[in-house]
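Okay, so here's the structure we're looking at.
Number of protein chains: 2
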Amino acid sequence: MRDMRVGPTGFHDVREANLGTVLRAVRTLAPCSRAAVAAATGLNKTTVSSLVADLIARGLLCETGESAERRVGRPGVMLALDGLTIAAIGIEVNVDYLSVVAVDLLERDLLTRHIAFDARSAGADACAHRIADAVRAVVADPALSHRSVIGLSVAVPGLVDSPGGIVTRAPNLAWRGTPLRSLLEELLHDAAPSPIPVLVDNDANLGAVAEYRGGHLARTGDLVYITGEVGIGAGLLMNGELLRGSAGFAGEIGHVRMVEDGPACGCGRRGCLEALAGIESILRAALPDRFPAGALTRADLADLVETAVDRAAAEEPTAVEALHTAGTWLGRGAAMLVNLVNPAAVVLGGYFVPLAPWLLPSCRSGVRELAFAPDAGGCFVETSSLGLSAAARGGAVAMVDALESGRLPLPPRQVDGVAAADEGAS
Amino acid sequence: MRDMRVGPTGFHDVREANLGTVLRAVRTLAPCSRAAVAAATGLNKTTVSSLVADLIARGLLCETGESAERRVGRPGVMLALDGLTIAAIGIEVNVDYLSVVAVDLLERDLLTRHIAFDARSAGADACAHRIADAVRAVVADPALSHRSVIGLSVAVPGLVDSPGGIVTRAPNLAWRGTPLRSLLEELLHDAAPSPIPVLVDNDANLGAVAEYRGGHLARTGDLVYITGEVGIGAGLLMNGELLRGSAGFAGEIGHVRMVEDGPACGCGRRGCLEALAGIESILRAALPDRFPAGALTRADLADLVETAVDRAAAEEPTAVEALHTAGTWLGRGAAMLVNLVNPAAVVLGGYFVPLAPWLLPSCRSGVRELAFAPDAGGCFVETSSLGLSAAARGGAVAMVDALESGRLPLPPRQVDGVAAADEGAS
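For the record, the sequence lines run as chains A and B.
Mapping of the first sequence onto the numbering used here: position 103 corresponds to residue 439, and the numbering continues sequentially without gaps.
Mapping of the second sequence onto the numbering used here: position 301 corresponds to residue 637, and the numbering continues sequentially without gaps.
The following block contains the structure:
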């Protein structure tokens with residue numbers, strides 16, 4: 337369809353965009369010469385040299401001695417991504433945990449943390465404080481020593497106004513209109529030498545980014561990632577781009593009504609997919625003895641999932657049946673996605689991963705039953721290899737990605753002998 | 337998300353792409369000078385002059401005397417799209433009609449035709465012949481005299497492998513694996529001085545293109561167009577781009593299961609939206625006396641729709657109730673789209689347009705009832721202003737659009753005094 341921009345680049349921020357283009361070229365080609373970057377980008381060599389100098393000063397590129405091409409004589413100076421200077425942090429807040437991931441410019445993990453945390457009982461303010469504490473701990477961690485933190489992403493299970501940094505509605509956290517970005521910016525104003533940019537996004541969206549960038553389905557451009565927590569959400573990647581919709585609220589598969597007069601959902605309606613196949617509803621059905629009066633200690637979810645796995649592995653009929661039923665509902669939900677957006681893959685994440693041996697067979701049957709296209713339009717259903725850290729990891733990666741789109745938050749760094757000598761912890 | 341191309345343009349077809357870029361610039365800016373095109377595109381003036389000369393030779397641009405800027409002295413030579421030289425043809429084949437539209441480069445209608453035709457009874461081969469006859473009639477029509485036909489689009493209600501030109505599955509036409517493009521290319525090989533490129537696509541996709549380019553919701557980038565025929569399909573435009581999915585089978589909302597053990601659908605399943613709210617099912621419920629033994633003459637659908645409108649307007653309870661119920665189902669289907677892809681607008685097309693006064697209220701209630709986001713994520717439900725010619729029109733426009741993507745099928749034309757003098761019929 338027609339793009340209203342009439343040229344290959346817009347009128348603004350040409351240099352920033354070109355910096356991003358060069359960074360992207362080096363990621364694709366490294367190790368590579370400046371001449372190779374010029375050839376690949378169409379930018380002239382003088383421009384490339386100037387941009388490269390800027391990117392080296394910002395700690396994003398470095399020179400290496402190696403030459404990719406075996407040439408006679410002196411090897412050319414080659415460029416590579418600088419894996420030693422920056423870090424990006426991603427945090428997921430969910431009903432029963434915080435997940436924390438920091439990555440370097442090559443998207444390699446610098447650290448990962450999983451923190452059991454009853455976010456719902458805590459409330460939004462206390463939760464923001466807990467996130468800020470976690471960020472301070474990461475910034476102070478030896479794994480990040482001498483690194484600049486280029487940004488923090490926070491993944492939230494709910495409707496997120498990402499440009500505004502506001503959580504519009506997260507029923508399972510009981511948040512509504514929570515200005516999470518500004519809360520965190522205030523709490524973190526002195527956490528690092530310069531302010532840390534904060535991005536707030538939906539957990540399923542960032543899970544999809546993580547899958548696309550580093551999961552075992554990496555580079556599958558038409559991919560749906562489904563979160564498996566108390567809530568169920570979908571992150572839709574189409575052609576390698578997140579499908580956000582007009583207000584950023586796409587992917588709410590957890591609140592599609594699957595059946596009239598079904599069980600009550602946290603959103604106030606009945607029969608939503610989340611009420612039929614969310615992890616809390618699965619555990620209630622699979623472990624009825626653990627919920628005698630309907631009470632649930634949310635921070636225990638991980639333990640309860642483990643119990644459900646043990647019982648299903650022991651072929652305990654109630655657990656097996658509950659998982660089979662939930663899998664069928666998940667398959668019917670996935671079939672809607674197959675019919676409406678025709679993904680190449682649907683990836684089940686979160687707590688669905690350990691439960692997959694008992695969920696997947698009926699889930700796949702549900703897709704086959706209800707998909708209109710032959711062979712479900714080529715879609716297969718798989719589990720994530722990224723577990724409960726997917727959304728946090730996707731958030732960290734999204735901050736790295738922002739650099740390549742020309743959003744470069746870093747001023748030229750002060751040359752720092754220690755940082756340059758550091759080998760990079762992991 | 338990262339694009340694997342590292343530069344602003346790829347390595348191939350740079351000139352073709354630049355021709356498209358210039359064409360697009362002139363569409364946006366016309367009337368405009370070559371200098372303005374150079375400024376807007378970032379291409380240098382010499383290159384622009386050469387590309388413009390080529391586009392003039394191909395009959396796509398022309399020079400005009402007018403100057404947009406009031407300047408002292410001789411007015412500059414201004415460029416505009418050449419509305420006199422080319423034509424693009426779109427045809428929709430549906431269960432009970434062929435719709436034909438031809439447009440010029442400015443996407444103005446040159447002719448429209450509506451032909452009642454029982455496509456299902458005819459079968460695929462006879463249908464291809466009927467389409468070919470229609471194309472020959474258009475090519476010979478005075479409205480297209482002296483024009484080159486740059487291409488033909490055929491819109492089909494079903495799963496279409498558009499790159500292959502094959503209708504994979506169209507249950508309401510009883511087609512399966514129909515190689516429609518090659519059938520038509522063979523039938524049309526001598527219909528014009530040079531072969532006419534043929535594009536086959538899904539009717540809902542092309543309806544969405546037509547809405548985006550020329551409907552009353554034009555330029556709404558996140559838009560879903562829902563066809564209202566025997567079948568129901570959705571064309572999903574996200575960010576102004578068609579969302580096709582990994583195999584091109586996205587948008588099959590007609591075959592999403594709305595209710596277990598619902599009425600039988602043409603696809604062989606039960607409870608599909610199409611079986612609850614497709615035009616045939618609406619007419620059966622609204623006009624029970626007209627279907628005494630379940631028999632249906634498909635070519636009568638337009639008449640029957642008119643009868644249903646008359647009865648509903650006269651507040652005949654059976655008709656009103658049937659439309660209310662179908663509207664509710666449509667709203668529930670639209671709510672799935674709202675939850676999953678969050679469009680800014682859902683547009684009901686085809687026969688839903690005349691029935692809208694009785695469908696829309698319950699449809700909108702259905703959306704409000706089941707949408708998770710506040711205010712349905714800002715989505716409103718409207719009817720199309722393009723009627724039964726939407727998909728045909730969208731197909732013709734898509735051929736024009738292809739020019740601006742650098743797919744220029746025309747060789748430089750022979751200068752033709754008659755064509756240049758022709759004022760363009762409409």
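C-beta atoms are modelled at their ideal positions from N, C-alpha and C, and glycine is treated no differently.
Being a predicted model, the structure only gives us computed values, none of them experimental.
- At a cut-off of 7 angstroms between C-beta atoms, residue 369 of chain B does not count as an interface residue with respect to chain A.
- Of the candidates A:435, A:674, A:616, the residue whose Cα lies closest to the Cα of residue 659 of chain A is A:616.
- When secondary structure is reduced to three states using DSSP, residue 713 of chain A falls in the helix class.
- Residue pairing by DSSP places residue 561 of chain A opposite A:571, A:683 in a beta bridge.
- The beta carbon of residue 586 of chain A sits closer than 7 angstroms to some beta carbon of chain B.
- For chain B, the residues of the region 702-735 of chain A that bring a beta carbon within less than 8 angstroms of one of its beta carbons are 706, 708, 709, 710, 713, 714, 715, in chain order.
- Assignment of beta-bridge partners to residue 426 of chain A by DSSP yields A:437, A:489.
- Rounded to the nearest whole angstrom, the CA to CA distance from residue 441 of chain A to residue 450 of chain A is 22 angstroms.
- Per the coordinates, the alpha-carbon of residue 714 of chain B lies some 38 angstroms from the alpha-carbon of residue 528 of chain A.
- Taken through DSSP and simplified to helix, strand or coil, residue 699 of chain A comes out as helix.
- Legend: CB atoms of the region 588-612 of chain A lying less than 9 angstroms from CB atoms of chain B belong to residues 588, 589, 590, 591, 592, 593, 595, 596, 603, 605, 608.
- Annotated three-state conformation of residue 463 of chain B is helix, per DSSP.
- When Cβ-Cβ separations below 7 angstroms define contact, residue 494 of chain A makes no contact with chain B.
- DSSP places residue 547 of chain B in the helix class (H, G or I) of the three-state scheme.
- For residue 380 of chain B, not one C-beta of chain A is nearer than 7 angstroms to its own C-beta.
- When only Cα atoms are considered, residue 637 of chain A and residue 623 of chain A end up about 12 angstroms apart.
- Taken atom to atom, the span from the alpha-carbon of residue 661 of chain A to that of residue 512 of chain A is near 32 angstroms.
- In terms of beta-carbon proximity, residue 439 of chain B stays away from the interface with chain A, with every pair separated by 7 angstroms or more.
- Rounded to the nearest whole angstrom, the C-alpha separation of residue 519 of chain B and residue 461 of chain B is 8 angstroms.
- Taking C-beta atoms as the reference points, residue 684 of chain A and residue 719 of chain A count as a pair closer than 7 angstroms.
- Of the residues assessed, residue 484 of chain B falls on the buried side of the cut-off, its CB having 16 or more other CB atoms within 10 angstroms.
- In the structure shown, residue 596 of chain A falls within a coil segment according to DSSP collapsed to helix, strand and coil.
- Taking the beta carbon of residue 500 of chain A as reference, no residue of chain B falls within 8 angstroms; the closest one sits roughly 14 angstroms away.
- No residue range can be given for residue 419 of chain B, since it is assigned to no beta strand (DSSP E) and is classified by DSSP as neither H nor E.
- Residue 740 of chain A has its alpha-carbon roughly 6 angstroms from the corresponding atom of residue 360 of chain A.
- Among the residues of chain B, those whose CB is under 8 angstroms from the CB of residue 672 of chain A are 592, 672, 676, following chain order.
- Ranked by how close their Cα comes to the Cα of residue 724 of chain B, the residues B:687, B:744, B:732, B:742 have B:687 in first place.
- Under DSSP, the beta-bridge partners assigned to residue 451 of chain B are B:434.
- Under a criterion of Cβ atoms nearer than 8 angstroms, the residues of chain A adjacent to residue 574 of chain B are, in order, 574, 579, 581.
- In the three-state scheme derived from DSSP, where H, G and I count as helix and E and B as strand, residue 692 of chain A is classed as helix.
- Rounded to whole angstroms, residue 398 of chain A and residue 560 of chain A show a C-alpha spacing of 35 angstroms.
- Contact with chain B is found for residue 558 of chain A, since one of that chain's Cβ atoms lies less than 7 angstroms from the residue's Cβ.
- Taking a beta-carbon distance threshold of 7 angstroms, residue 544 of chain B does not count as an interface residue toward chain A.
- Taken in chain order, the members of the region 503-523 of chain B whose beta-carbon sits within less than 8 angstroms of a beta-carbon on chain A are 504, 505.
- For residue 522 of chain A, the enclosing alpha helix (DSSP H) begins and ends at 516-523.
- Annotation for residue 400 of chain B: the continuous beta strand (DSSP E) segment containing it runs 397-400.
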